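Colleague: Numbering (the working numbering), first residue to last: 1493 to 2100. Sharing a structure below in structure tokens format, with a few things to ask.
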Amino acid sequence: MCGIVGIVGREPVAGRLVEALKRLEYRGYDSAGVATLEAGRLVRRRAEGKLRNLEERLAREPLQGMIGVGHTRWATHGRPTENNAHPHASERLAVVHNGIIENFRELREELSARGHVFATETDTEVVAHLVTDEMDGGKSPREAVAAALPRLRGAFALGFVFDGQENLLIAARQGAPLAVGYGDGETFLGSDALALAPFTDTITYLEDGDWAVLTREGVEFFDARNAPVTRARLRTQASAFLIDKGNHRHFMAKEIHEQPEVVGRTLAHYLDMSQGCVRLPFDLPFDASKLTRLTIVACGTAYYAGLVAKYWFERYARIPVEIDVASEFRYREPPLDATGLTIVVSQSGETADTLASLRYAKEKGQKTVAVVNVPTSTIARECDAPALTLAGPEIGVASTKAFTCQLSVLACLAIAIGRARGALSLERESALVSQLIAVPGLLAEAIKREPKIEQVSATLAKASDVLYLGRGASFPLAMEGALKLKEISYIHAEGYAAGELKHGPIALIDESMPVIVIAPHDGVYEKTVSNMQEVAARGGRIILIADNRAADEAAIDFHAVVAMPAMEPDFAPIVYAAPAQLLAYHTAVIMGNDVDQPRHLAKSVTVE
Ligand code: M6R
């Protein structure tokens, strides 16, 4: 999962390649590089680490070429060193790659036997040598790429520039997203519309199997059988989004604080507030009264959103729900029949495993709904009905506002399907909708607890392990809280169902391990209190996230209480997500970590 860009320009491109790469850094940031043609000859600049290292390198050793490709890397094959950084090159071409070439070992052996010498540990280098090999045999760059592509297995997006070719960039897409953009006497290539936003608002997405030839005069498209094809030009909104941190120190902080607004905007899209009901902005592509089963598939935070929603779908729509992480779902051949519905959840809409699961469900004849944040993404385009979250671009690697917007949309879907199935009365729907309408205000209240949360974070920053507990829909939220903490503070954290504690994890309790308990005053609160008693009896330090009434009723000597606003419990996970996010954020800040770009991670996971 890397970001790739390319420009066939009328003025030097290196600066603009870096500018576009900055907008793609969410896809990976362990090394970066560019290649341009200087007086017709290929020249590369690469650097280990964040993009700023490449910028410094280019400041010391500038490039003037008018055509070039760039790359920001998330390492799959080979360590994140400068030598393994893209573009990879031969004497004939330079190539940037997002994805994995699964058969790179056999290709490497074959090409080595023919005298090719490999200089890196990457899978990508075989692509450079494979196309070079075809050119050595007398083929033109176009013919060589066309001959090489069918030999590659795996998922990839590729961009090539060629030595001596000042007006030729070739791109190819198989399973990883790729777009071309149109300028005034210039053409562009990028992993997504966001990368191209500073240059153009007119783009075309390549379809799977497509390859394209970019020159200053325009773009030609070919399908997997090398037949010329036409692909639609689209106007994108991507440039409308200002990608800056506002008054915040980090994107993550900005995105946490944006939640009352974006959750409000998302809910307004799905609710008819005057009538007190859910009004979906699309027709359900199935007859809800005949649905026999619901399957939810997603990864990471989006999976936890799905887990919370399972409680809602079962309660409000009275429908059996199966949920799985996409990397397991796609390979375990789950039986699905045409009477079921699959919902996939994804911020980026490009997560490889989630996309494969969506395709699997479609193959089995199921209708599919995607809860997705990027409207132009592959998942949004391939599902039967995209249920959009209106979170706006999420830049921080740790997902925050996308999560609460996913929950908001899933809550509305559960209510709409419940009503369509006759499982929910109009009165109950109206009561639930009133609760949802209150959510943005409650989120704003919850975020005001930040000073207290910052104080509590000082305790967490000293811990090496943290336990998160919750019951009911707070259980998946506990897992999400633990994931947030892990990914940006690097502290080991586990989310557990509070009732499971005594079946093993209670053995871990001692004074050094903070236990965070998410406990809205709901139907299982008293049970959670019993579990907290068990922790307290063993000397555990409990940090309670609950309203004052719940905290008072528990009568436990808590290490700290993050006092939440009083609310009806149904949609508490949306509101209680904020303190869990802020706890992770402040802990990571105290520890001096790179909050927006934590180690080893990337925002968009387009490899499996
Ligand atoms: O783009 P997606 O929602 O499909 O991404 C899924 C996960 O990769 C993502 O939620 C990941 O777990 C986040 N870094 C968590 O904060």
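Glycine included, every Cβ here is placed at the ideal spot set by N, Cα and C. The structure presented is a predicted model; accordingly, all values stated were derived computationally and were not measured.
Got a sec, what are the start and stop residues for the alpha helix (DSSP H) Asn1590 sits in?
Modeller: From DSSP, Asn1590 is part of no alpha helix (DSSP H) but of the beta strand (DSSP E) over 1585 to 1593.
Colleague: Compare the C-beta of Asp1775 against all C-beta atoms of chain C and say whether one is closer than 8 Å.
Modeller: Included in the structure is just one protein chain, with no chain C present.
Colleague: Distance, Cα to Cα, Met2056 vs Asp2044?
Modeller: 13 Å
Colleague: Is Gln1839 near ligand 2, judged by its Cβ being under 7 Å from some heavy atom?
Modeller: Only ligand 1 can be found as ligands here, which leaves ligand 2 out of the picture.
Colleague: Less than 8 Å between C-beta atoms, sequence neighbours within five positions excluded: which residues of the same chain meet that for Val1755?
Modeller: Lys1893, Thr1896, Cys1897, Ser1900, Val1931, Pro1932, Leu1935, Ile2066
Colleague: Assuming Asp1845 and Cys1791 form a contact by the criterion Cβ under 8 Å, report the distance between their Cβ atoms to the nearest whole angstrom.
Modeller: 6 Å
Colleague: Please report the distance separating the alpha-carbon of Ser1840 from that of Asp1764.
Modeller: 27 Å
Colleague: Are Arg1519 and Lys2095 closer than 8 Å when you measure CB to CB?
Modeller: yes
Colleague: Counting Cβ pairs closer than 8 Å, one from the region 1848 to 1863 and one from the region 1705 to 1712, do we hit at least three?
Modeller: no
Colleague: Just list the beta strand (DSSP E) runs in the region 2023 to 2071, keeping only unbroken ones of 3 residues or longer that don't cross its boundaries, in chain order.
Modeller: 2033 to 2039, 2052 to 2056
Colleague: Let me confirm a value: Val1609 is counted as buried when at least 16 other C-beta atoms fall within 10 Å, else exposed. Which label applies?
Modeller: exposed
Colleague: Less than 8 Å between C-beta atoms, sequence neighbours within five positions excluded: which residues of the same chain meet that for Ile1593?
Modeller: Leu1599, Asp1615, Thr1616, Val1618, Val1619, Leu1644, Arg1645, Gly1646, Phe1648
Colleague: Is the Cβ-Cβ distance between Glu2018 and Lys1994 less than 8 Å?
Modeller: no
Colleague: Using C-beta distances below 6 Å, list every residue in its chain close to Leu1546, excluding the 5 sequence neighbours before and after it, in chain order.
Modeller: Ala1524, Ala1539
Colleague: Tell me the DSSP bridge mates of Ala1912?
Modeller: Paired residue(s): none; Ala1912 is not in a bridge.
Colleague: Using 7 Å as the cut-off, classify the Cβ of Ser2096 as near or not near the heavy atoms of ligand 1, replying yes or no.
Modeller: Yes, since a heavy atom of ligand 1 falls inside the 7 Å radius drawn around the Cβ of Ser2096.
Colleague: Cβ-heavy atom distance between Thr1843 and ligand 1 below 7 Å?
Modeller: True, at least one ligand heavy atom lies under 7 Å from that Cβ.
Colleague: Can you give me the Cβ contacts of Glu1814 inside the same chain, cut-off strictly under 6 Å, excluding the 5 residues immediately before and after it?
Modeller: Thr1787
Colleague: When the distance is taken between beta carbons, is Ala1586 closer than 8 Å to Val1637?
Modeller: Not closer than 8 Å, so no.
Colleague: Do Glu1919 and Arg1911 have their CB atoms nearer than 8 Å?
Modeller: By the CB criterion at 8 Å, Glu1919 and Arg1911 fall outside the cutoff.
Colleague: By alpha-carbon positions, which one of Ile1909, Gly1701, Leu1828, Glu1825 ends up nearest to Ser1781?
Modeller: Ile1909
Colleague: Taking only heavy atoms of ligand 1 into account, decide whether any of them is closer than 7 Å to the Cβ of Cys1791.
Modeller: yes
Colleague: Out of Gly1673, Arg1963, Asn1865, Val1958, point me to the one whose CA is closest to Ile2102's CA.
Modeller: Here the chain has residues from 1493 to 2100 only, and residue 2102 is not among them.
Colleague: Do you know offhand how far Thr1881's Cα is from Ala1915's?
Modeller: 25 Å
Colleague: Does DSSP classify Ile1887 as helix, strand or coil?
Modeller: coil
Colleague: Excluding the 5 residues flanking Ala1732 on each side, which residues of the same chain have their C-beta closer than 8 Å to its C-beta?
Modeller: The pLDDT assigned to Ala1732 is 47, lower than 50, so where the model puts this residue is not dependable; a value taken from the coordinates is nonetheless given after this. There are no such residues.
Colleague: Whole angstroms is fine: what's the gap from Gln1947's alpha carbon to Ile2008's?
Modeller: In a straight line, the C-alpha of Gln1947 is about 14 Å away from that of Ile2008.
Colleague: My assumption, with CB atoms under 8 Å, is that Gly1591 sits in contact with Ala1668. Please give the rounded CB distance.
Modeller: Confirmed, about 4 Å.
Colleague: Gly1607 to Asp1625, Cα distance in whole Å?
Modeller: 10 Å
Colleague: Identify the residues that DSSP records as bridge partners of Glu1530: which are they?
Modeller: Arg1533
Colleague: From what residue to what residue does the beta strand (DSSP E) around Pro2006 run?
Modeller: Annotation for Pro2006: the continuous beta strand (DSSP E) segment containing it runs 2006 to 2010.
Colleague: Taking a contact to mean a Cβ-Cβ separation below 8 Å, would you say Thr1696 touches Gly1675 in this structure?
Modeller: no
Colleague: Consult DSSP for Trp1566 and reduce its assignment to one of helix, strand or coil.
Modeller: coil
Colleague: Could you give the residue range of the alpha helix (DSSP H) that holds Asp1845?
Modeller: 1844 to 1855
Colleague: Check each candidate in Gly1682, Glu1747, Lys1746 and name the one with the smallest Cα separation from Ala1704.
Modeller: Gly1682
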